[in-house]
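2 protein chains.
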Amino acid sequence: MNKNDVLVEFGNKIRQLRDEKGWSQEELAFKSGFHRTYIGMIERAERNISLKNIARMALAFDVKIEELFINTNKI
Amino acid sequence: MNKNDVLVEFGNKIRQLRDEKGWSQEELAFKSGFHRTYIGMIERAERNISLKNIARMALAFDVKIEELFINTNKI
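Written as structure tokens, this is what we have:
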């Protein structure tokens with residue numbers, strides 16, 4: 120996997136989980152404690168998120184960290 | 120999960136995978152392209168590793184990223 124692909128896949132996963140919850144970026148921002156613009160940058164793969172912030176994102180969605188890396192859209 | 124616990128768990132997992140392969144920190148450094156001192160800092164939870172570098176670590180071990188977060192030592 121290309122090192123940048125991982126940011127794209129992660130961003131897509133965050134957007135997918137957010138959509139499944141029916142949350143706006145503002146709502147995820149509120150639940151995670153991140154700024155709304157940071158959520159947008161993560162979803163657009165514009166930020167190389169750190170492990171601590173990945174854990175914080177998992178907590179906001181109430182999922183295990185590994186679940187953020189399982190791409191259920193892949194065949 | 121505490122945000123710092125995730126660094127400890129990740130560091131332990133890296134050490135565990137490295138031990139399973141029978142690799143020294145130097146060998147993992149060579150395979151991953153990281154400096155040996157960076158490997159040590161990750162294993163001791165002294166660095167907040169980024170997603171790109173997590174992907175690079177998974178590649179070095181030839182595992183999926185999610186496998187770096189599955190703690191097989193937990194009961």
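Top to bottom, those sequences are chains A and B.
According to the numbering used here, the first sequence is numbered sequentially starting from 120.
According to the numbering used here, the second sequence is numbered sequentially starting from 120.
Note that the Cβ used here is the ideal one computed from N, Cα and C, for glycine as well.
C-alpha gap between residue i and residue j, whole angstroms
i: B:Val125; j: A:Val125; result: 19 Å
i: A:Glu146; j: B:Phe129; result: 29 Å
i: B:Val182; j: B:Trp142; result: 15 Å
i: A:Lys140; j: A:Leu187; result: 14 Å
i: B:Asn123; j: A:Lys171; result: 7 Å
i: A:Lys150; j: A:Tyr157; result: 13 Å
i: B:Leu178; j: A:Leu178; result: 26 Å
Own chain partners of residue i with C-beta closer than 7 Å, once the 5 adjacent residues on each side are dropped
i: A:Ala174; result: Ile184
i: B:Arg134; result: Glu162
i: A:Asn190; result: Glu128 and Lys132
i: B:Met176; result: Ile133, Ser151 and Leu187
i: B:Ile194; result: Its pLDDT being 44, under 50, B:Ile194 is placed unreliably by the model, and the measurement read from it follows with that caveat. So no residue of the chain qualifies.
CB contact check: residue i to chain A, cutoff 7 Å
i: B:Val182; result: no
i: B:Phe149; result: no
i: B:Leu136; result: no
i: B:Lys171; result: yes
i: B:Ile133; result: no
Neighbourhood of residue i by C-beta distance below 6 Å, restricted to the same chain and skipping five residues each side
i: B:Ala164; result: Leu126, Val127 and Gly130
i: B:Arg166; result: Met160
i: B:Phe180; result: Leu136
Proximal residues to residue i (C-beta, below 8 Å), its chain only, five neighbours per side dropped
i: A:His154; result: Ala148
i: B:Gln144; result: Arg137, Arg155, Ile158, Gly159 and Glu162
CB contact below 7 Å: residue i versus chain B
i: A:Phe153; result: no
i: A:Asn190; result: no
i: A:Ala174; result: yes
i: A:Val125; result: yes
Inside the region 144-170 of chain B only - alpha helix (DSSP H) runs reaching at least 4 residues: Whole alpha helix (DSSP H) segments, 4+ residues: 144-151 and 155-162.
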